[in-house]
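S.K.:
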Amino acid sequence: MRILVTGAAGFIGYHTAARLLERGHEVIGFDNLSPYYDVSLKEARLKRLKGHEGFRFLHADLADQTVVEATFAEERPSRVIHLAAQAGVRYSLDHPHSYISSNITGFLHVLEGCRHHGVEHLVYASTSAVYGANRKLPFDVHDNVDHPVSLYGATKKANELMAHSYAHLFGLPVTGLRFFTVYGPWGRPDMSLFLFTRKILAGEPIPVFNYGQHVRDFTYIDDAVEGTLRALDVVAAPDPNWRPEAPDPATSSAPYRLYNVGNHNPVALLDYIAAIEKALGKKAKLELLPKQPGDVEETYADVEALQAATGYQPSTPLEKGIANFVAWYRDYYKV
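Whatever position you read off the sequence shown (first residue = 1), add 19 for the working numbering.
#1: Beta strand (DSSP E) containing residue 195: first to last residue?
#2: Please name the residue, chosen from 250, 312 and 106, that lies closest to residue 140 on a Cα-to-Cα basis.
#3: Give a yes or no on whether the C-beta atoms belonging to residue 193 and residue 243 are separated by under 8 Å.
#4: Just verifying my parser: in three-state terms, what is the DSSP assignment at residue 166?
#5: Drop a sphere of 10 angstroms on the beta-carbon of residue 230, count the other beta-carbons inside from all chains shown, and report buried for 16 or more, exposed for fewer.
#6: If residue 166 and residue 178 are in contact, beta carbons under 8 Å, what's the gap, nearest whole angstrom?
#7: Suppose contacts are defined by Cβ-Cβ distances below 8 Å. Is residue 47 in contact with residue 77 by that definition?
#8: Measure how close the beta-carbons of residue 247 and residue 196 come, nearest whole angstrom, since I'm counting them as under 8 Å.
#9: Can you confirm whether the stretch 311 to 325 touches the stretch 150 to 164 when touching is taken to mean that 3 or more C-beta pairs between the two stretches lie within less than 8 Å?
#10: Taking the alpha-carbon of residue 266 as reference, which of 220, 84 and 163 has the nearest alpha-carbon?
#11: Got a sec, what are the start and stop residues for the alpha helix (DSSP H) residue 117 sits in?
#12: Here's the rule: buried if 16 or more other CB atoms are within 10 angstroms of the residue's CB, otherwise exposed. What is residue 85?
#13: Can the beta-carbon of residue 296 be found less than 8 Å from the beta-carbon of residue 224?
#14: DSSP state of residue 243, grouped into three classes?
#15: Rank 300, 269, 239 and 304 by C-alpha distance to the C-alpha of residue 285 and give the top, closest one.
#16: Please state if the CB of residue 58 and the CB of residue 52 are separated by a distance shorter than 8 Å.
#17: Name the DSSP bridge partner or partners of residue 50?
#18: Rounded to whole angstroms, what is the Cα-Cα separation between residue 429 and residue 215?
#19: Does the Cβ of residue 171 have 16 or more other Cβ atoms within 10 Å, making it buried, or fewer, making it exposed?
#20: For chain C, find out if any of its Cβ atoms is closer than 8 Å to the Cβ of residue 69; answer yes or no.
#21: If we ignore side chains and look at the alpha-carbon of each, how far apart do residue 25 and residue 103 end up?
#22: Which full runs of the beta strand (DSSP E) of 3+ residues lie inside the stretch 121 to 165, going along the chain?
#23: On the DSSP letters alone, give me the boundaries of the beta strand (DSSP E) that residue 278 sits inside.
#24: Can you give the Cα-Cα distance for residue 144 and residue 35, rounded to whole angstroms?
#25: Roughly how many angstroms separate the alpha carbons of residue 181 and residue 148, rounded to a whole number?
#26: Straight-line CA distance for residue 317 to residue 233?
#27: Figure out for me which residue from 49, 200 and 96 has the closest Cα to the Cα of residue 125.
#28: Could you compute how far the alpha carbon of residue 175 sits from the alpha carbon of residue 268?
#29: What does DSSP give as the partner residues of residue 235 in its beta bridges?
#30: Do you know how far the Cα of residue 303 is from the Cα of residue 128?
#31: Assuming contact is defined by CB atoms lying nearer than 8 Å, are residue 82 and residue 120 in contact in what I supplied?
#32: Pop quiz: residue 94 and residue 21 are said to be a contact at Cβ under 8 Å. What is the actual Cβ separation, rounded to whole angstroms?
#33: Where do the ends of the alpha helix (DSSP H) carrying residue 93 lie?
#34: Quick test of your reading: residue 356 and residue 236, contact by CB under 8 Å. State the CB separation rounded to the nearest angstrom.
Structure below.
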């Protein structure tokens, strides 16, 4: 198939595009190479993708309606994996307009492209941040998520609502994936694993928010990509058991699905740091700090819905995943 992957120069986008190419698909990569973090890392990812004959790259911005319309009209993708977004909870506190432009306007243009050009299935990235103030654990896609605690989470919740409206109005099959703290080689420099590794190796203290009391469902990149591709292969369809008098938020009478993509195994932040220390062979200096605005104390993914629909089963232990990242980091940065 010809598959459009937005955010192809990003962390999850790069790995997803690479796996699609390995499967023999033609991949159209779309990315604006945002300077939110080191663009050279994005360019290095792209260089590896461009080594595949089946890959073509478009350097453009999803907020540009004319460009997005032209891309869909000219490329005619069979399916779309929409991973482009302005990410980050803390960044949204000071740069809110970036989230509206990228996550709302950009997603609208993707939906319109899919609607008007016969796309068979749109799979898009949501986030565990939509659970916000929820405290019932594990987080379940069948639960209500109307209390986001960050603008980032709010924009992703809006994406889910927008996707449902297009599924209902135009019969567009849409599947949203709520990713839980994805980590691994070629990861994002603003994420904790990257930041902690760099500072520990440099002998600098690492910032540990909420005094180390956070708990996260860390998901290795290979498992996240596996969940994404399994979801892509199962085209969303109307749920015959959906009832309007007791609506299930994860399904619909329209071709709409929501899934958690996580490890189903929450880990305390201090245990996570201990695993990084073990992989590096060096102790961390901890700078214990209060909780940041917009942070949630604990995430824990219930992945039963994705397992039932696709057979998804996360399989990478945390220590192995962190060791793989550290090996990549040492090689990439020649440490």
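Beta carbons are placed, not taken as given, at the ideal position from N, Cα and C, and that holds for glycine.
The structure displayed is predicted, hence computed values, not measured ones.
M.R.: On the basis of the coordinates in this document:
#1: For residue 195, the enclosing beta strand (DSSP E) covers residues 193 to 198.
#2: The residue with the shortest Cα to Cα distance from residue 140 is 250.
#3: In this structure, residue 243 does not lie closer than 8 Å to residue 193 by Cβ.
#4: DSSP, read as helix, strand or coil, puts residue 166 in coil.
#5: So residue 230 ends up on the exposed side.
#6: Not confirmed; about 17 Å, so no contact.
#7: Yes, Cβ-Cβ distance for residue 47 and residue 77 is below 8 Å.
#8: Beta-carbon to beta-carbon, residue 247 and residue 196 are separated by about 6 Å, close enough to satisfy the 8 Å threshold.
#9: Taking 8 Å as the limit for Cβ pairs, the verdict is that the stretch 311 to 325 does touch the stretch 150 to 164.
#10: Distance check between residue 266 and each of 220, 84 and 163 places 163 closest, using alpha-carbon atoms only.
#11: Here the alpha helix (DSSP H) through residue 117 covers 115 to 118.
#12: Looking at its Cβ environment, which holds fewer than 16 other Cβ atoms inside 10 Å, residue 85 is exposed.
#13: Contact annotation: residue 296 and residue 224 have beta-carbon atoms that are not nearer than 8 Å.
#14: Three-state result, residue 243: helix.
#15: The shortest C-alpha separation from residue 285 is found at 239.
#16: Yes, the pair counts as a contact, with Cβ atoms nearer than the cut-off.
#17: For residue 50, the beta-bridge partners assigned by DSSP are 78.
#18: Residue 429 falls outside the range modelled here, since the chain spans only 20 to 354, and no answer is possible.
#19: The C-beta of residue 171 has 16 or more other C-beta atoms within 10 Å across all chains shown, which makes the residue buried.
#20: No chain C appears in this structure, which consists of one protein chain only.
#21: Cα-Cα distance, rounded: 5 Å.
#22: The stretch 121 to 165 contains, as complete beta strand (DSSP E) runs of 3+ residues, the segments 140 to 146 (chain order).
#23: Per DSSP, residue 278 belongs to the beta strand (DSSP E) from 275 to 280.
#24: So the two alpha carbons sit approximately 12 Å from each other.
#25: Straight-line Cα distance between these residues: approximately 17 Å.
#26: Rounded to whole angstroms, residue 317 and residue 233 show a C-alpha spacing of 6 Å.
#27: Of the listed residues, the one whose Cα sits closest to residue 125 is 49.
#28: So the two alpha carbons sit approximately 14 Å from each other.
#29: According to DSSP, residue pairing for residue 235 in a beta bridge involves 286.
#30: Taking the straight line from one Cα to the other gives about 44 Å.
#31: Going by beta carbons, residue 82 and residue 120 fall inside the 8 Å limit.
#32: Correct: roughly 7 Å between the Cβ atoms.
#33: Looking at the DSSP string, the run of the alpha helix (DSSP H) that includes residue 93 is 84 to 94.
#34: Residue 356 is absent from the model: the chain starts at 20 and stops at 354.
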